[in-house]
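Residue numbers (numbering that gives the first Met the number 0), protein chains in the order written: chain A, 0 to 261; chain B, 0 to 261; chain C, 0 to 261. Notes to accompany the following structure.
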Amino acid sequence: MADAGTSLAKMRATAPLVHLITNFVAMNIAANVTLAAGASPAMVHAREEVVEFAGLAQALSVNIGTLDAAWAEAMEMAAQAMAANSRPWVLDPVGVGATQFRRNVCSRLIALRPTVIRGNASEILALAGLGGAGRGADSADPVTAAEASARDLAARCGAVVAVSGPVDYVTDGVHSFRVANGDALMPRVTALGCSLNGVIAAFLVGQPALSATVAALAYFGQAGERAAQGANGPGSFQVAFLDALYTLSPQDVTSGARVSRT
Amino acid sequence: MADAGTSLAKMRATAPLVHLITNFVAMNIAANVTLAAGASPAMVHAREEVVEFAGLAQALSVNIGTLDAAWAEAMEMAAQAMAANSRPWVLDPVGVGATQFRRNVCSRLIALRPTVIRGNASEILALAGLGGAGRGADSADPVTAAEASARDLAARCGAVVAVSGPVDYVTDGVHSFRVANGDALMPRVTALGCSLNGVIAAFLVGQPALSATVAALAYFGQAGERAAQGANGPGSFQVAFLDALYTLSPQDVTSGARVSRT
Amino acid sequence: MADAGTSLAKMRATAPLVHLITNFVAMNIAANVTLAAGASPAMVHAREEVVEFAGLAQALSVNIGTLDAAWAEAMEMAAQAMAANSRPWVLDPVGVGATQFRRNVCSRLIALRPTVIRGNASEILALAGLGGAGRGADSADPVTAAEASARDLAARCGAVVAVSGPVDYVTDGVHSFRVANGDALMPRVTALGCSLNGVIAAFLVGQPALSATVAALAYFGQAGERAAQGANGPGSFQVAFLDALYTLSPQDVTSGARVSRT
Numbered sequence: 000m001a002d003a004g005t006s007l008a009k010m011r012a013t014a015p016l017v018h019l020i021t022n023f024v025a026m027n028i029a030a031n032v033t034l035a036a037g038a039s040p041a042m043v044h045a046r047e048e049v050v051e052f053a054g055l056a057q058a059l060s061v062n063i064g065t066l067d068a069a070w071a072e073a074m075e076m077a078a079q080a081m082a083a084n085s086r087p088w089v090l091d092p093v094g095v096g097a098t099q100f101r102r103n104v105c106s107r108l109i110a111l112r113p114t115v116i117r118g119n120a121s122e123i124l125a126l127a128g129l130g131g132a133g134r135g136a137d138s139a140d141p142v143t144a145a146e147a148s149a150r151d152l153a154a155r156c157g158a159v160v161a162v163s164g165p166v167d168y169v170t171d172g173v174h175s176f177r178v179a180n181g182d183a184l185m186p187r188v189t190a191l192g193c194s195l196n197g198v199i200a201a202f203l204v205g206q207p208a209l210s211a212t213v214a215a216l217a218y219f220g221q222a223g224e225r226a227a228q229g230a231n232g233p234g235s236f237q238v239a240f241l242d243a244l245y246t247l248s249p250q251d252v253t254s255g256a257r258v259s260r261t
Numbered sequence: 000m001a002d003a004g005t006s007l008a009k010m011r012a013t014a015p016l017v018h019l020i021t022n023f024v025a026m027n028i029a030a031n032v033t034l035a036a037g038a039s040p041a042m043v044h045a046r047e048e049v050v051e052f053a054g055l056a057q058a059l060s061v062n063i064g065t066l067d068a069a070w071a072e073a074m075e076m077a078a079q080a081m082a083a084n085s086r087p088w089v090l091d092p093v094g095v096g097a098t099q100f101r102r103n104v105c106s107r108l109i110a111l112r113p114t115v116i117r118g119n120a121s122e123i124l125a126l127a128g129l130g131g132a133g134r135g136a137d138s139a140d141p142v143t144a145a146e147a148s149a150r151d152l153a154a155r156c157g158a159v160v161a162v163s164g165p166v167d168y169v170t171d172g173v174h175s176f177r178v179a180n181g182d183a184l185m186p187r188v189t190a191l192g193c194s195l196n197g198v199i200a201a202f203l204v205g206q207p208a209l210s211a212t213v214a215a216l217a218y219f220g221q222a223g224e225r226a227a228q229g230a231n232g233p234g235s236f237q238v239a240f241l242d243a244l245y246t247l248s249p250q251d252v253t254s255g256a257r258v259s260r261t
Numbered sequence: 000m001a002d003a004g005t006s007l008a009k010m011r012a013t014a015p016l017v018h019l020i021t022n023f024v025a026m027n028i029a030a031n032v033t034l035a036a037g038a039s040p041a042m043v044h045a046r047e048e049v050v051e052f053a054g055l056a057q058a059l060s061v062n063i064g065t066l067d068a069a070w071a072e073a074m075e076m077a078a079q080a081m082a083a084n085s086r087p088w089v090l091d092p093v094g095v096g097a098t099q100f101r102r103n104v105c106s107r108l109i110a111l112r113p114t115v116i117r118g119n120a121s122e123i124l125a126l127a128g129l130g131g132a133g134r135g136a137d138s139a140d141p142v143t144a145a146e147a148s149a150r151d152l153a154a155r156c157g158a159v160v161a162v163s164g165p166v167d168y169v170t171d172g173v174h175s176f177r178v179a180n181g182d183a184l185m186p187r188v189t190a191l192g193c194s195l196n197g198v199i200a201a202f203l204v205g206q207p208a209l210s211a212t213v214a215a216l217a218y219f220g221q222a223g224e225r226a227a228q229g230a231n232g233p234g235s236f237q238v239a240f241l242d243a244l245y246t247l248s249p250q251d252v253t254s255g256a257r258v259s260r261t
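Set out below in structure tokens:
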């Protein structure tokens, strides 16, 4: 498996165009995160153009945070286009346990074979049909409680599944990793998880899904660690986090990665 | 009346799930403000799920900033659900004086009995039927010009009415308070007023509306005072403001509150 | 031609109400930028009120970044209202080369005679019918490659056309200027170009279009230069940029402007 820094260097050399269909809360920070990492984000959702645009993009990230019926349809259209062209796409099932509407939309999206599904433990449990306890975007379950469900979901969907938390868990159903990078201030900034998906999507371009996802999580978590050093709270943390995404070198990321095979 | 710090401590102990239906400008900062204060924000607006989600939330904040017909309908559906469950909800009538469409939507929302109505002086005057002079989100009238209208509106609607400005005015139609916390840089950051409503909504959970609103304003204003100390302009102010919301202790807030009964 | 600082002082003295119909990524930063510069931004897009609101505004900025059919209709309605009242409006043709839908919408908008069209080189080439190479919001062409097209477009549309890049190019089809202010970190922050349009719109109120646009670009670029001095990456840059927009004086802007007639 490639080390995390090499994977980051490949992503930056590609600077892929990443199509994001995300929620209104995450729009700006997700674009800034993806841009600071070294990729080129673009937000396009209108049914009149979403398929044509997906044809230009090298990867797609879909996030159901502030869903409605028209956006759900656009998400399906874009995901279908990526699947048809064998291009990678990432699904973030925000708050999927909260309403029947979200469960229905996620069922349809999963049928379009996402390359990676990333959520918190409650979301992955809900997606696996086990009814996680999460209410909104926050998890009410520990990562370890979702590991078996993550493996089942991965095997069933042919996807890499990543469970975010203090220690992330990443699995393709056969091989699994834990990524211990990150900082406790990260969940105190809204939409950072949503923003991570744009970074994962960028890493997936031309790289194997499992190692690319692990590398993206290790890189993202290390940016959090570096940002926390001088932060006085979630405001200054967010500023320093964008700076760290931009300034972390591949060498930094390889040496700071806390990845273990389970 | 409970002191402001005690009210903050209760809110943080509850960490309520606050449902926000707000405008596109405020989405990210309102979520970050609510999160930094210690509550759990979630943005949901689709008619397919808004009532189901409102059933999970402990409080609701509605802001008409970037309104359209579909969003207005979702706001009414969510407010109705909160009213039916006797849960608190806050109305922010952004720019209500500007167009007939906004006046119509606010009339329908007020009939659903908001717990708190918060706006600037021009908005409260417009809502009370007196035609304030505000154009967009900025007030063209002083707070004192809206005090009588605020009392009338409160008595008529059974709501607490808060008028934001250099010195805020809060009334339930019978008892009234002034809150003198705050800083002149606050109106130079967009959507801070919108974000305040998420904080008020969080304070309302399990607390009396009048004292909870006063406490939320005193807390919010003090975060502004602390943020202004090292700020070089609205950019650094906003960063420090989020940090201050996160780091202010109940003791800080009680000792710094500048609240007076009128 | 008025110097840039004088133009800034006039804008601040007017503090115009600027109507912005922009994309979801830019909403917050565009409002903060316009506010920090000294104008009063307001975002309104519903077909139920967009014409009534446009009647109150002194200038309009339209940005097609996250377009859909309903928003496109609102943009046309607002632009028509401004044109009918001889008030200035600015068009930002984000990613116009990417899809047929964008090209169609821009054709209809250009027929409504924008006062200023501002884009990157790829967008201006695409708009001029020459098929620029841009994919999303980023330009794949140098500014100089778009200068002849910019002059043609300006002459054909009766608009001032501004091409953003390391050195900006501004033309009314007859007279042309280069503005060399700016910093390499600016394109690493998302939606700064979109935000610039709110500032241009504010400068246009009561000022000649060509000199107002040049002045707005010189001011905006200098805020970038000042922000870069202490920045550690795009996060701290963005914070310092808002501070600089707020604190730069007319004298600063006049003495730092790097404007040349071509």
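Every residue, glycine too, gets a C-beta built ideally from N, C-alpha and C. Since we're looking at a predicted model, the values are computed, not measured.
Which bits of chain C does residue 222 of chain A rub up against, with CB to CB less than 7 Å?
Residues of chain C with a Cβ closer than 7 Å to the Cβ of residue 222 of chain A do not exist, since the nearest Cβ in that chain sits about 10 Å away.
If the cut is a Cβ gap below 7 Å, which residues of chain A does residue 239 of chain B touch?
Per Cβ cutoff of 7 Å: 234.
Relative to the C-alpha of residue 202 of chain C, which residue among C/23, C/21, C/39 and C/27 is closest?
Selected option, being the one with the closest Cα: C/39.
Can you list, in chain order, the residues of its chain whose CB lies under 6 Å from that of residue 154 of chain A, leaving out five sequence neighbours each side?
Apart from the 5 residues on each side of it in sequence, residue 154 of chain A sits with its Cβ closer than 6 Å to the Cβ of 172 in its chain, given in chain order.
DSSP on residue 176 of chain C, reduced to helix/strand/coil?
Here residue 176 of chain C sits in strand by DSSP.
Cutting at 6 Å between CB atoms, please list the residues of its own chain near residue 226 of chain A, excluding the five before and the five after it.
Excluding positions up to five away in sequence, the list reads 236, 239, 240 and 243.
Just checking, does the region 113 to 122 of chain A make contact with the region 87 to 100 of chain A on the three C-beta pairs under 8 Å criterion?
Contact between the region 113 to 122 of chain A and the region 87 to 100 of chain A is present: 3 or more CB-CB pairs across the two stretches fall below 8 Å.
To the nearest angstrom, how far is it from the Cα of residue 180 of chain C to the Cα of residue 220 of chain C?
When rounded, the distance between both Cα atoms is 4 Å.
What does DSSP give as the partner residue(s) for residue 18 of chain A in the beta ladder?
In the DSSP output, where bridge partners are listed per residue, residue 18 of chain A has A/41 and A/59.
Cβ-based contacts, 7 Å cut-off: residues of the region 72 to 89 of chain C near chain B:
Cβ contacts with chain B: none found.
Answer with yes or no whether the minimum CB distance from residue 171 of chain A to chain B is below 8 Å.
Answer no: the Cβ-Cβ gap between residue 171 of chain A and chain B never drops below 8 Å.
C-alpha gap between residue 46 of chain A and residue 200 of chain A, whole angstroms:
In this model, residue 46 of chain A and residue 200 of chain A are separated by some 22 Å (Cα to Cα).
Using a cut-off of 7 Å between C-beta atoms, extract the partners of residue 66 of chain B located in chain C.
The answer, in chain order, is 45.
Length of the line joining the Cα atoms of residue 156 of chain A and residue 196 of chain A
Straight across, the Cα-Cα distance linking residue 156 of chain A with residue 196 of chain A is about 18 Å.
Which residue or residues does DSSP assign as beta-bridge partners of residue 168 of chain A?
Its beta-bridge partners are A/162 and A/177.
So for residue 118 of chain B, helix, strand or coil by DSSP?
Correct three-state label for residue 118 of chain B: strand.
Spell out a yes or no on whether the region 10 to 19 of chain A and the region 64 to 71 of chain C are touching, meaning 3 or more CB-CB pairs, one atom from each, closer than 8 Å.
With a cut-off of 8 Å, the region 64 to 71 of chain C and the region 10 to 19 of chain A do not count as touching, because too few Cβ pairs lie within range.
Rank B/116, B/62 and B/31 by C-alpha distance to the C-alpha of residue 44 of chain B and give the top, closest one.
When B/116, B/62 and B/31 are compared, the shortest CA-CA separation from residue 44 of chain B is found for B/62.
Would you kindly report the start and end of the unbroken alpha helix (DSSP H) that includes residue 264 of chain A?
Because chain A is modelled from 0 through 261, residue 264 of chain A falls outside the range shown and cannot be assessed.
Closer than 8 Å at the beta carbon, the chain C residues around residue 111 of chain A:
Around residue 111 of chain A, no beta-carbon contact reaches into chain C at under 8 Å, the shortest distance being about 21 Å.
Through-space distance from residue 32 of chain C to residue 188 of chain B, alpha-carbon basis:
C-alpha separation (whole angstroms): 9 Å.
If we define contact as Cβ-Cβ less than 8 Å, is residue 119 of chain B a contact residue for chain A?
Answer no: the Cβ-Cβ gap between residue 119 of chain B and chain A never drops below 8 Å.
As a quick exercise: from A/190, A/58, A/218 and A/166, pick the residue whose alpha carbon is nearest that of residue 25 of chain A.
The shortest C-alpha to C-alpha distance from residue 25 of chain A to any of A/190, A/58, A/218 and A/166 is the one to A/190.
Roughly how many whole angstroms lie between the Cα atoms of residue 28 of chain A and residue 185 of chain A?
The straight-line gap from Cα to Cα measures roughly 13 Å.
Residue 6 of chain C burial status per 10 Å Cβ neighbour count (16 or more: buried)
Burial state of residue 6 of chain C is buried, judged by a 10 Å Cβ sphere holding 16 or more other Cβ atoms.
Chain A beta carbons: is any one of them nearer than 8 Å to that of residue 51 of chain B?
Cβ-Cβ to chain A under 8 Å: yes for residue 51 of chain B.
Report the three-state DSSP secondary structure of residue 247 of chain B (helix, strand or coil).
Look at residue 247 of chain B here: in three-state DSSP terms it is coil, with no helix or strand label.
Determine whether the beta carbon atoms of residue 34 of chain B and residue 74 of chain B lie at a separation below 8 Å.
No, Cβ-Cβ distance for residue 34 of chain B and residue 74 of chain B is not below 8 Å.
Once DSSP output is grouped into helix, strand and coil, what is the label at residue 107 of chain C?
Three-state result, residue 107 of chain C: helix.
Short-range partners of chain A found in the region 17 to 46 of chain C, where Cβ spacing is below 8 Å
Answer set for the region 17 to 46 of chain C: 22, 23, 24, 25, 26, 27 and 28.
So with CB distances below 8 Å, who are the chain B contacts of residue 190 of chain A?
27 and 30, listed in chain order.
Spatial neighbours of residue 49 of chain A in its chain, beta-carbon cut-off 7 Å, leaving aside the 5 residues before and after
Taken in chain order, the residues that qualify are 43, 73, 76 and 77.
Whose Cβ in chain B lies nearer than 9 Å to the Cβ of residue 94 of chain A?
What residue 94 of chain A touches in chain B, judged by beta-carbon distance under 9 Å, is 41, 43 and 52, going in chain order.
Quick one: does the C-beta of residue 226 of chain B sit closer than 7 Å to a heavy atom of the ligand HEM?
The ligand HEM is not part of this structure, which contains no ligands at all.
Listed by chain order, chain A residues near residue 228 of chain C by CB distance under 7 Å
Here the premise fails: no neighbours, minimum Cβ distance about 15 Å.
Within 8 Å, strictly: CB atoms of residue 250 of chain C and residue 37 of chain C:
Their beta carbons are not under 8 Å apart, which means residue 250 of chain C does not touch residue 37 of chain C by this criterion.
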